[in-house]
């Protein structure tokens, strides 16, 4: 299948000819005998203008040396024309075999539009004899095994193997060839480089050799300057096989979410795809794959194919959908198998739009990915292997789920830079509630979401005052703010962005997870907190149903379900985001109670000291903050936070002027949702309007929001080369 040196050519003579070429990279033609000079040339689109220049020197200069800025590109033809491979995947298909079948897995060309052009110039007589033969080979076994070369004959493309010889008449006419790849750039394996040789010989004697360097285009992830072309969401109709029968289960809360999204997407002219697989249902559509793409120059603009990148979470079966459901004639899929935890969810991957800083240009932008407790996600290796979107590493250890999309976003903006950074602002979020309290609205309900017909939950909302009296609420905002600012500083250092180019969205964070027994959601139902536990309900979300008592076991069931692995209520029990067992978590919780009592006493002492010395000036206030920070160091390893209200920054960027964001359902003051209003005012600074959608029970209750539950396919026509 590879294109290695053919047995018809004496290896020593081939090596000698190749060595002579390598030692003289600027020699235009090769002479290997005492016969009349033979001139052979093979060309690719080395100057990346979309065509092969056979008339001038445009593609000759520098063709033998590939760099990031120059050199021919070709595509990994991993699409699935006619879905012949996808339809043969079953539940028993091993994970490692999912990507083994695709268009380039054999030697049949199913879609010539993904071939990159190669040309040989006509070899002229009298140097070329009738018995001379030509060969097209790929240098090196690894590169040869991962590439395919075809010859255009009439309207047909013929596969050219390593033993194929071209006649003298074909060489005189010049060869029209195409090349594609069987695989993508992978860490520790093939880096995508291919050196294609054109050799002419007679009776095993090399007469002339030329070559050209190419490289497989990198797989890139989208940034928000690229126009949204399709919205993807999990269907509310879940197919399940029971006793050899396929039954349809209906998820009411997901249906409400999908219906609202559908109305919005239709109004925006944005097509929406609803995933509906019988065995791999997962509402966290952002997490189990990332839409990517590969492009190369073409005569009429970039030629590209989409590549759905599966999360590096082998234990997450929903990721199989990228191979079984999403591939098509122009969409491929790839996986980098590893046993990743929640940090390897693709909701933890964002993208900085293109920019130039300190003399370095990133024409396709850069990936952004969060690490937890110093552990780098496995998918980082794959992203780095693509080389073009050099990933920026953030610290998301302070978050319960630990994803970058929980607090950071990049928006198109009409400025010289072309974009702004958007981050959550916990201090501003808390101030919204504090200002309402000071204005005499402390008795207003803490959230304003009405009861909808399909809601089975009963809830007695707390008040603004209740929210402000949550233990350490101010402390959590201070700490969350500091954690966010550390990440903002990383972006500043990498991009040169300034404070004037940062939009801050009011948001409120609070403890989440076993350390404080409850799910974030429960703080909005304080009146009945001890009477309700989580339940699987209609199949996709844990629901609140009446119980007479709350045992330790039932308390532990409040664990956030948006984790790496199986979706609770569909494919068994969820595991904790830190990948610990339930028994380990229970033990940790019990041990933590004693520690927390000690820490609580320390923190109360700090707070009391702060109150007593409040009037002694800013210096004492700073000392209190330092002491608070030291206190946090004692507990941060066992405490994590999530947003107390649906997080509006976890939104879908559908245009250069609008986002679809989760409705925060904040307190109503004079008929106005004061949190939603604050969010709208903040986004307006970037000239964005906010379209709110209800994800209260569909996603917020499970630990995520609107961005977490959707995905977007974006335009890929912008040139990066």
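Numbering (our numbering), first residue to last: 15 to 735. For glycine and all other residues, C-beta sits at the position ideal for the given N, C-alpha and C.
Rounded C-beta distance between residue 680 and residue 702? I'm assuming under 8 Å.
That pair is no contact at about 19 Å.
Bridge partners of residue 373, per DSSP?
Beta bridge pairing from DSSP links residue 373 with no other residue.
Helix or strand or just coil, what does DSSP make of residue 468?
coil
On a Cα-Cα basis, can you pick out the residue from 421, 417, 222, 464 that is closest to residue 443?
421
Where residue 83 and residue 228 are concerned, what is the direct C-alpha to C-alpha distance, given to the nearest angstrom?
Using only the alpha carbons, I get a separation of about 12 Å.
Would you list, in sequence order, the uninterrupted alpha helix (DSSP H) runs of no fewer than 4 residues that lie entirely inside the stretch 160-208?
182-187
What residue range does the beta strand (DSSP E) around residue 656 cover?
654-657 is the extent of the beta strand (DSSP E) around residue 656.
Is DSSP giving residue 50 helix, strand or coil here?
coil
As an exercise, report each continuous alpha helix (DSSP H) stretch of at least 4 residues that is fully enclosed by the stretch 478-519, in chain order.
478-482, 487-509
Can you grab the Cα-Cα spacing for the pair residue 440 / residue 522, in whole Å?
If you take the alpha carbons of residue 440 and residue 522, they lie about 5 Å apart.
Could you tell me the alpha carbon to alpha carbon distance between residue 235 and residue 305, rounded to whole angstroms?
7 Å
Mind the definition here: the stretch 323-338 touches the stretch 353-367 only if three or more C-beta pairs lie below 8 Å; say whether that holds.
The stretch 323-338 makes contact with the stretch 353-367: 3 or more CB pairs, one atom from each, lie closer than 8 Å.
If residue 289 sits next to residue 249, beta carbons under 8 Å apart, how far is it from one beta carbon to the other, in whole angstroms?
6 Å
Output needed for residue 395: all residues of its chain with C-beta closer than 6 Å, excluding positions within five of it in sequence on either side, in chain order.
Cβ neighbours of residue 395 beyond the five flanking positions: 201.
Along the chain, which unbroken stretches of the alpha helix (DSSP H) at least 4 residues long are found entirely within the stretch 335-385?
335-338
Should residue 483 go down as buried or exposed, given a rule of 16 or more other Cβ atoms within 10 Å for buried?
exposed
Based on DSSP bridge pairs, tell me the residues matched to residue 682.
687
Report the residue ranges of all beta strand (DSSP E) runs contained in full by the stretch 251-303; include only those spanning at least 3 residues, in chain order.
251-256, 259-264, 286-289
Should residue 697 and residue 707 be called a contact, given that it needs their Cβ atoms to be closer than 9 Å?
no
Note the first and the last residue of the continuous beta strand (DSSP E) segment covering residue 221.
219-230
When we look at the beta-carbon of residue 108 and count the other beta-carbons within 10 Å, is it buried (16 or more) or exposed?
When all chains shown are included, residue 108 counts as exposed.
For the beta strand (DSSP E) holding residue 148, just list the boundary residues, first then last.
147-153 is the span of the beta strand (DSSP E), which, as asked, contains residue 148.
Could you tell me which residues DSSP puts in a beta bridge with residue 213?
149, 223
How many Å lie between residue 97 and residue 346 at the Cα?
When rounded, the distance between both Cα atoms is 10 Å.
To the nearest angstrom, report how far apart residue 477 and residue 451 are at their CA atoms.
10 Å
Between 468, 687, 329, which has its C-alpha nearest residue 110's C-alpha?
For the set 468, 687, 329, the Cα lying nearest the Cα of residue 110 is the one of 329.
Suppose the cutoff is 7 Å on Cβ atoms and the five residues either side in sequence are ignored; what does the same chain contact list for residue 504 look like?
406, 408
Here's a check: name, in chain order, each residue in its chain whose Cβ is nearer than 8 Å to the Cβ of residue 418, leaving out the five neighbours to either side.
361, 362, 363, 364, 382, 383, 384, 408, 410
Grab the span of the beta strand (DSSP E) containing residue 101 for me, first residue to last.
Residue 101 -> no beta strand (DSSP E), and no H or E assigned at all.
Can you pull the DSSP bridge partners for residue 446?
Paired residues: none, contrary to the question.
Identify which residue in 735, 446, 349, 711 has its Cα closest to the Cα of residue 465.
Residue 465 has its Cα closest to that of 711, out of 735, 446, 349, 711.
Can you confirm whether the stretch 163-171 touches the stretch 215-229 when touching is taken to mean that 3 or more C-beta pairs between the two stretches lie within less than 8 Å?
no
From what residue to what residue does the beta strand (DSSP E) around residue 400 run?
Counting along the chain, residue 400 falls outside any beta strand (DSSP E), though it belongs to the alpha helix (DSSP H) covering 393-400.
Alpha carbon to alpha carbon, how far is residue 734 from residue 172?
31 Å
On the premise that residue 182 lies in contact with residue 205, defined as a C-beta separation below 8 Å, what is that separation, rounded to the nearest angstrom?
In fact, because the Cβ distance is near 36 Å, the residues do not count as touching under 8 Å.
Take the Cβ of residue 457 as the centre, count every other Cβ of all protein chains shown within 10 Å, and call the residue buried at 16 or more, exposed below.
exposed
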